[in-house]
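Peer 1: Structure provided below as structure tokens; questions to follow.
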Amino acid sequence: MKQHFLMVDAAVLPEVFLKVLKAKELLASGEARNISAATRAVDLSRSAFYKYKDSIFDARGSQQIITLMATLLDETGSLQALLGAISAAGGSVVTINQSTPENGTAKVEVTVRTDTLRMSVEEMLAELNRQHTVIEVRQGV
Numbered sequence: 099m100k101q102h103f104l105m106v107d108a109a110v111l112p113e114v115f116l117k118v119l120k121a122k123e124l125l126a127s128g129e130a131r132n133i134s135a136a137t138r139a140v141d142l143s144r145s146a147f148y149k150y151k152d153s154i155f156d157a158r159g160s161q162q163i164i165t166l167m168a169t170l171l172d173e174t175g176s177l178q179a180l181l182g183a184i185s186a187a188g189g190s191v192v193t194i195n196q197s198t199p200e201n202g203t204a205k206v207e208v209t210v211r212t213d214t215l216r217m218s219v220e221e222m223l224a225e226l227n228r229q230h231t232v233i234e235v236r237q238g239v
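Residues 99 to 239 (my numbering) are what the sequence shown spells out, left to right.
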């Protein structure tokens, strides 16, 4: 079955959906050690949590993730330096996808959470592009 997503104002949703979101937040933050603790904390049955957990997402969370497309020199420590600079800017790396180096360079795609950045995305990109092992870093679409 093909997925079909809708964006709906949380104020009109049944309370069970909001409780599922809250339980997922408790699990993600570590405030709840397991699903039983999370569902107890929000007064939700585990069966309701399992029924809806893979179908309910907070749209705000998805807006805090960007993809960076980088071309790096094929030198030892290039990727480590890039990741370190992202971390120093306050970004949190979610995924890394690197191609096999070719002609002295490697293409890298890095997904970054930006909600903890200590600077703007543009400032972080400028910092990353100043690294000596970076040929180019840009934000993906």
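Even for Gly, the Cβ is constructed at its ideal location relative to N, Cα and C. In this text the structure is predicted, and so the values were computed from the model without any measurement.
(1) Which runs of the alpha helix (DSSP H) spanning at least 4 residues fall entirely within the segment 140-206, listed in chain order?
(2) With DSSP as the reference, label Glu234 as helix, strand or coil.
(3) So, helix, strand or coil for Val114, using DSSP?
(4) Using DSSP bridges, identify the partner residues of Arg211.
(5) Is the segment 171-178 touching the segment 221-231 in the sense that three or more CB pairs, one from each, lie closer than 8 Å?
(6) Quick one: residues in its chain with C-beta nearer than 6 Å to the C-beta of Ala136, no 5 flanking neighbours on either side, listed in chain order?
(7) Does the Cβ-Cβ distance between Arg216 and Leu166 come in under 9 Å?
(8) Skipping 5 residues on each side, what residues in its chain have a beta carbon closer than 8 Å to that of Ser197?
(9) Looking only at C-alpha atoms, which of Gly202, Asp156, Gly189, Arg144 sits nearest to Leu116?
(10) By a C-beta neighbour count over all protein chains shown, 10 Å radius and 16 as the cutoff for buried, is Ala239 buried or exposed?
(11) Kindly give me the distance between the Cβ atoms of Val210 and Ile184, rounded to whole angstroms, as I take these residues to be in contact under 8 Å.
(12) Use the C-beta contact count for Met222: other C-beta atoms within 10 angstroms, 16 or more gives buried, fewer gives exposed.
(13) For Leu180, which residues of its own chain have a beta-carbon under 8 Å away from its beta-carbon, when the five flanking residues on both sides are left out?
(14) Is the beta carbon of Leu142 less than 9 Å from the beta carbon of Val118?
(15) Return the CA-CA distance between Gly189 and Asn201, expressed in angstroms with no decimal places.
Peer 2: Based on what the coordinates show:
(1) List check, alpha helix (DSSP H) in window: 144-150, 157-160, 176-186.
(2) DSSP places Glu234 in strand when its eight states are reduced to three.
(3) Note: Val114 maps to helix in three-state DSSP.
(4) By DSSP's assignment, Arg211 forms a beta bridge with Ile163, Ser190.
(5) They touch, by the three-pair rule.
(6) Closer than 6 Å at Cβ, skipping near neighbours: Ala121, Leu124, Leu125, Ala130.
(7) The answer is no: Cβ separation not under 9 Å.
(8) Taken in chain order, the residues that qualify are Ala204, Lys205, Val206.
(9) Taking only the C-alpha atoms, the option nearest Leu116 is Asp156.
(10) Ala is not the amino acid found at residue 239; the sequence shown has Val there. Looking at its Cβ environment, which holds fewer than 16 other Cβ atoms inside 10 Å, Val239 is exposed.
(11) Going by Cβ atoms, the distance from Val210 to Ile184 rounds to 6 Å, so yes, they are a contact pair.
(12) Flag for Met222 reads buried.
(13) Contacts found: Ala168, Leu170, Val206, Val208, Leu226, Gln229, Thr231, Val232, Val235.
(14) Cβ atoms of Leu142 and Val118: closer than 9 Å.
(15) Gly189 and Asn201: Cα-Cα distance of roughly 30 Å.
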